[in-house]
Amino acid sequence: KKLKIPFQDKNFRNFIIFSVFWGFSVNIVSPFFNVYMIKNLGIPFSIISLFSVAAGVSAIFGLKLIGKLADIHGPKPLFLVCGIGGALIPFLWIFAVPGNYAIIWFINILSGACWAGIGLASSNIMMNLAPVKLSSVYFSMFAAITGIFSAFAPMLGGFLGVLFVNVKINFGVFTISNLQVLFALSTI
Numbered sequence: 097k098k099l100k101i102p103f104q105d106k107n108f109r110n111f112i113i114f115s116v117f118w119g120f121s122v123n124i125v126s127p128f129f130n131v132y133m134i135k136n137l138g139i140p141f142s143i144i145s146l147f148s149v150a151a152g153v154s155a156i157f158g159l160k161l162i163g164k165l166a167d168i169h170g171p172k173p174l175f176l177v178c179g180i181g182g183a184l185i186p187f188l189w190i191f192a193v194p195g196n197y198a199i200i201w202f203i204n205i206l207s208g209a210c211w212a213g214i215g216l217a218s219s220n221i222m223m224n225l226a227p228v229k230l231s232s233v234y235f236s237m238f239a240a241i242t243g244i245f246s247a248f249a250p251m252l253g254g255f256l257g258v259l260f261v262n263v264k265i266n267f268g269v270f271t272i273s274n275l276q277v278l279f280a281l282s283t284i
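The working numbering numbers the first residue of the sequence shown as 97 and each following residue consecutively.
Written out as structure tokens, the structure is:
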């Protein structure tokens, strides 16, 4: 009976619907960034690990600034700004081509900061939505629903990745193919 209570809250329903769609679109492509670096760009795993370290360091240092901004402006504007940044990350991957790895450093630094902000803002929004006595119910329902949809997203991404194996789209001097098409589409 308590599990139904969060869904009677219009603000919670709106937030969970948005989070499901947003998370689904991100999780369609996120498993394929490392695949793209290894198979398409030929980057060694040791360098890929350094990119991950850059994202982690960016998240740690960015969280201090992001936390101050959240205290001043609240979680919704922070969620909007970091969400837009996070949504653009897959699109930026279409510019990661052999010989242009500098953008991957930028992508990972931006990703670390954006995901830190999204996590902080999302948690703060949930804390604002959930009544104190029912916070565990709200958080568990949010995690369960978003988790279920997030689990199916990479499966759809894998299916689409297979469909796009031989796809090439030419934009004059710039061509995207295979996983780059999936990265671009996930940004829409």
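Idealized CB from N, CA, C, for every residue including glycine.
Model, not experiment: these values are computed from the prediction.
Environment of residue i [buried if 16+ CB atoms lie within 10 Å]
i	result
S142	exposed
N107	exposed
M133	buried
S115	buried
F147	buried
P171	buried
F129	buried
Span of the alpha helix (DSSP H) around residue i
i	result
S246	S231 to L259
F120	K106 to V125
N130	F128 to V131
W201	A198 to L225
A183	P171 to L188
First through last residue of the beta strand (DSSP E) which encompasses residue i
i	result
I265	K264 to F267
I272	F270 to S273
Nonlocal neighbours in the same chain, by C-beta distance under 7 Å from residue i, ignoring five residues either side
i	result
V233	K98, L99, I101 and P102
K135	none
L165	L174
Neighbourhood of residue i by C-beta distance below 6 Å, restricted to the same chain and skipping five residues each side
i	result
G119	T242 and S246
Own chain, CB closer than 8 Å to residue i, minus 5 neighbours either side, in chain order
i	result
G158	G208, A209, A212 and G213
T271	K264 and I265
P140	none
Cβ-heavy atom distance, residue i to the ligand GDP, below 7 Å
i	result
N110	This structure lacks the ligand GDP, and indeed carries no ligand of any kind.
Supposed contact pair residue j and residue i - C-beta distance, whole angstroms, cut 8 Å
i	j	result
W201	A150	6 Å
L278	L256	6 Å
Original post:
Can you list, in chain order, the stretches of the beta strand (DSSP E) that have 3 or more residues and sit fully within the region 144-169?
Top reply: none
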